[in-house]
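*Asks:*
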Amino acid sequence: MDANTSTEARKRSKPEDENYRPPKRTVKIDQIATATTNITTPNKFATLTEDSEVPTTAENQTTDHENTKPSSKKRSTHRSSTDNFKVLNINPSTSDTNTTNTATEDAKNTIPIVLRNKAKLENLRQKMNTNKINYTKASTTAQGIRIQPQCTDDYRKLRKLMEAEGHEYHTHSPRQERSLKVVIRGIPVESTEEEIIEDLNRQGYPVFKITRMNGKQKIPAPMVLVELERKYNSIYKLTHVVGLSITTEALRQSGEIIQCHRCQLFGHIQQNCTAEYKCMKCAENHNTHECVKPKTIAAKCSNCGGPHTSTYKNCNERSKFMKHNRKIDAIHIIAWNCNGISNKKQELQTYAHIHKSDIILLNESHSKPQHSLCMKNYMTYRQDRIDRVGGGVAALVKK
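Under the working numbering, residue 421 is the last one in the sequence shown; the count climbs by one each step, no gaps.
(1) DSSP on I209, reduced to helix/strand/coil?
(2) If you reduce the DSSP assignment to three classes, tell me which class H346 lands in.
(3) Can you list, in chain order, the residues of its chain whose CB lies under 7 Å from that of I218, leaving out five sequence neighbours each side?
(4) Is it buried or exposed for V204, if we count other Cβ within 10 angstroms and need 16 for buried?
(5) Only counting runs of 3 or more residues, tell me where the beta strand (DSSP E) segments fall wholly within the stretch 163 to 207, in order along the chain.
(6) What span of residues does the beta strand (DSSP E) with Q405 cover, start to end?
(7) If H194 and N139 are in contact, beta carbons under 8 Å, what's the gap, nearest whole angstrom?
(8) Our contact map puts Q286 next to K300 with C-beta atoms below 8 Å; I'd like the distance itself, whole angstroms only.
(9) Kindly list the residues whose CB is nearer than 8 Å to the CB of C337, restricted to its own chain and excluding five residues on each side of it in sequence; keep chain order.
(10) Determine the DSSP secondary structure at Y373, reduced to helix, strand or coil.
(11) Exposed or buried, K421, counting other C-beta atoms within 10 Å across all chains shown (16 or more means buried)?
(12) Residues in the same chain with beta-carbon distance under 6 Å from A272, minus the five sequence neighbours each way, listed in chain order, please.
(13) Rounded to whole angstroms, what's the CA-CA distance from C396 to T402? Just pull it up for me.
(14) Among the candidates T318, V211, G166, whose CA atom is the shortest distance from the CA of L444?
(15) Who are the near neighbours of K6 in its chain, counting only those whose CB is closer than 7 Å to its CB and skipping five residues on each side?
(16) Near P391, which residues of its chain fall below 8 Å by C-beta distance, leaving aside the five closest residues on each side in sequence?
(17) Name the one or two DSSP bridge partners that E271 has.
(18) When we look at the beta-carbon of M184 and count the other beta-carbons within 10 Å, is it buried (16 or more) or exposed?
(19) For L266, list the residues DSSP reports as bridge partners.
(20) Provide the residue span of the beta strand (DSSP E) that contains R234, from first to last.
(21) Are P134 and R178 close, meaning C-beta to C-beta below 9 Å?
(22) What is the rounded straight-line gap between the Cα of F288 and the Cα of G413?
(23) Regarding Q225 and the ligand NAP, is the C-beta to nearest heavy atom distance less than 8 Å?
As C-alpha cells, this is what we get:
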C-alpha cells in the first residue's frame with residue numbers, strides 16, 4: 023500500500039461530526055526540558071534569608087546539559103536567625119510572669135521565723151532594711167511576731183542576723199536540710215551498729231546516725247532507724263544489708279504534736295529554738311537537766327501553771343494548741359483491688375504513709391478470720407468470705 027492510499031483511508035475513517043476534536047498528542051515527560059532551581063541552606067534546620075542572594079556552590083549548580091539557561095538571582099520570603107535553634111520570645115511579658123510565679127511559689131514554701139520578744143520588732147526591721155532582707159508578712163501570734171521571709175535566701179539571712187543580734191526566736195529547718203530517716207527491718211539484735219554502718223557505707227550510703235528501735239515493752243526489735251542525707255533516697259531500693267534480706271520503709275509519724283524541750287512551747291523543737299530555758303518540772307528559767315527540785319514537791323507546768331509537768335498529755339494549753347492548729351484538709355481515700363493482702367501489707371503501709379491516706383478501701387482481700395489485718399494509727403473494719411476461696415473486703419480508717 024502506497025502513501026496516497028493510506029492517506030485516503032485515514033480521511034475516510036474520520037467522522038463527519040463538526041464537533042469532533044482530534045485527541046491530543048502525548049509527549050513523554052523526559053522529553054520536556056525542565057528548569058531546575060536548587061536552593062541550599064547551611065543545614066536542614068536553617069531558614070532562608072530575605073534580601074540576600076543564594077550562595078552558589080558546587081552542590082546547587084545544575085549538571086543537566088539541557089538546562090543551559092543562565093540562572094537568575096532568587097529571593098526567598100523567610101527571615102533568617104543567627105541561632106537556628108533559638109526560641110523567639112513572642113510575648114515579652116512571659117519571662118516576667120514566670121519569674122513572678124517562681125517568686126510567689128518560693129514565698130509560699132519559705133519557713134516563717136517567730137520573734138519571741140515583740141518589743142524588739144522595730145529594731146529588727148531597721149536591721150533588715152540595712153541588710154536588704156525582704157519579708158512578705160509579719161503578724162502577731164500568741165508566741166510572738168511571726169515573720170514570713172520572701173525567699174529561702176532571705177530566710178537564711180534573717181536567721182543569721184537574729185543569732186548575731188541575740189534575738190530569741192524559734193523556727194523550723196528547711197526540708198532540704200532535714201535528714202532522711204529510714205527504717206530497715208530484718209536486722210537481728212545481734213548485728214552491731216558498726217557492722218551495719220560499714221556495710222551501708224560500702225553500698226554507697228554514708229549514714230551519720232543509726233538507732234536500734236524497740237518493740238512492745240521497750241524490748242529491742244530486729245529493725246534499726248538510719249539517718250542520712252536526703253539525696254540518698256535510693257536507699258528504699260535496698261534488698262540486703264550485712265548479708266541479710268531486709269525491707270525498708272519511711273519513718274512513720276506518731277501523729278502527736280511536737281514540743282520544744284528548751285522553752286516547753288508546742289509546734290517546734292529544741293534544735294531550732296534560741297528562747298530562754300524553761301524547766302519541765304518546776305517552770306523555772308533553767309535547763310531541765312539542772313533542776314534540783316525534790317520529788318516530794320509537786321511539779322509545775324510552765325504553760326498553764328497546773329500541778330503537772332509541761333509534757334503532760336492532758337494539759338489545757340496542749341489541748342488549746344491542738345484545736346487552734348487543727349487543719350481541715352481534703353480527705354484522702356485509697357481504693358485498691360489488692361487480690362490478696364497478706365503479702366502486701368508492707369507495701370500498703372508505705373504507700374499510705376507517703377500519701378497520708380485517711381481511708382483505705384480494699385477489695386478481694388482473701389482474708390480469713392485467723393488472718394491479722396491491722397495497721398498502726400488505723401481502725402480496721404472487715405468482712406471475710408468464709409464459704410469459699412477469694413473475696414473479702416476491708417476498710418481502714420485513720421484514728
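Backbone N, C-alpha and C fix where the C-beta goes; we use that ideal spot for every residue, glycine too.
*Replies:* Here's the rundown:
(1) Locating residue 209 in the sequence shown gives position 187, counting from the first residue. The answer is coil: DSSP assigns I209 none of H, G, I, E or B.
(2) Start at 1 with the first residue of the sequence shown, and residue 346 comes out as number 324. In the structure shown, H346 sits in a helix (DSSP, three-state: H, G or I).
(3) Locating residue 218 in the sequence shown gives position 196, counting from the first residue. Here the set comprises I209, I232, V246, V263, V264.
(4) On the sequence shown, residue 204 is found 182 positions in, with the first residue counted as 1. So V204 counts as buried.
(5) As far as the stretch 163 to 207 is concerned, its whole beta strand (DSSP E) runs of at least 3 residues are 167 to 171, 202 to 207.
(6) On the sequence shown, residue 405 is found 383 positions in, with the first residue counted as 1. Where Q405 is concerned, the enclosing beta strand (DSSP E) stretches over 400 to 405.
(7) In the sequence shown, residue 194 corresponds to position 172, counting from 1. In the sequence shown, residue 139 corresponds to position 117, counting from 1. No, H194 and N139 are not in contact; Cβ-Cβ is about 19 Å, not under 8 Å.
(8) The residue labelled residue 286 in the question sits at position 264 within the sequence shown. The residue labelled residue 300 in the question sits at position 278 within the sequence shown. Rounded, the Cβ-Cβ distance is 5 Å, consistent with contact.
(9) Along the sequence shown, one-based indexing puts residue 337 at 315. Result list for C337: C323, N325, C326, G328, H330, in chain order.
(10) Working through the sequence shown from its first residue, we reach residue 373 at position 351. Assignment of Y373 by DSSP, reduced to helix, strand and coil, places it in the helix class.
(11) For the purposes of this step, residue 421 is identified with residue 399 of the sequence shown, where counting begins at 1. Counting other Cβ atoms within 10 Å of its Cβ, K421 stays below 16 and is therefore classed as exposed.
(12) In the sequence shown, the residue the question calls residue 272 occupies position 250. Beyond the five residues adjoining it in sequence on each side, A272 comes within less than 6 Å, by CB distance, of H375 in the same chain, given in chain order.
(13) What you label residue 396 is simply residue 374 of the sequence shown in a count that begins at 1. What you label residue 402 is simply residue 380 of the sequence shown in a count that begins at 1. Computed Cα separation, rounded: 6 Å.
(14) Because the chain spans 23 through 421 in this model, residue 444 falls outside it and cannot be assessed.
(15) Any answer about residue 6 is impossible in this case: the structure gives the chain only from 23 up to 421.
(16) Indexing the sequence shown from 1 puts residue 391 at position 369. Answer for P391: D406, I408, listed in chain order.
(17) As a first step, residue 271 must be located in the sequence shown, where it is residue number 249. DSSP lists V205 as the bridge partner or partners of E271.
(18) Taking the sequence shown and counting its residues from 1, the one referred to as residue 184 is at position 162. Counting every other CB atom within 10 Å of its CB across the protein chains shown gives M184 a total of 16 or more, marking it as buried.
(19) Here the question's residue 266 lines up with position 244 in the sequence shown. Note: L266 is bridge-paired with V263 in the DSSP secondary-structure output.
(20) Here the question's residue 234 lines up with position 212 in the sequence shown. Residues 229 to 236.
(21) Within the sequence shown, numbered from 1, the residue matching residue 134 stands at position 112. Within the sequence shown, numbered from 1, the residue matching residue 178 stands at position 156. R178 sits away from P134, with the two beta carbons spaced by 9 Å or more.
(22) Residue numbering aside, residue 288 sits at position 266 when the sequence shown is read from its first letter. Residue numbering aside, residue 413 sits at position 391 when the sequence shown is read from its first letter. Straight-line Cα distance between these residues: approximately 46 Å.
(23) By its list of ligands, the structure shown contains no ligand whatsoever, and the ligand NAP lies outside what it can speak to.
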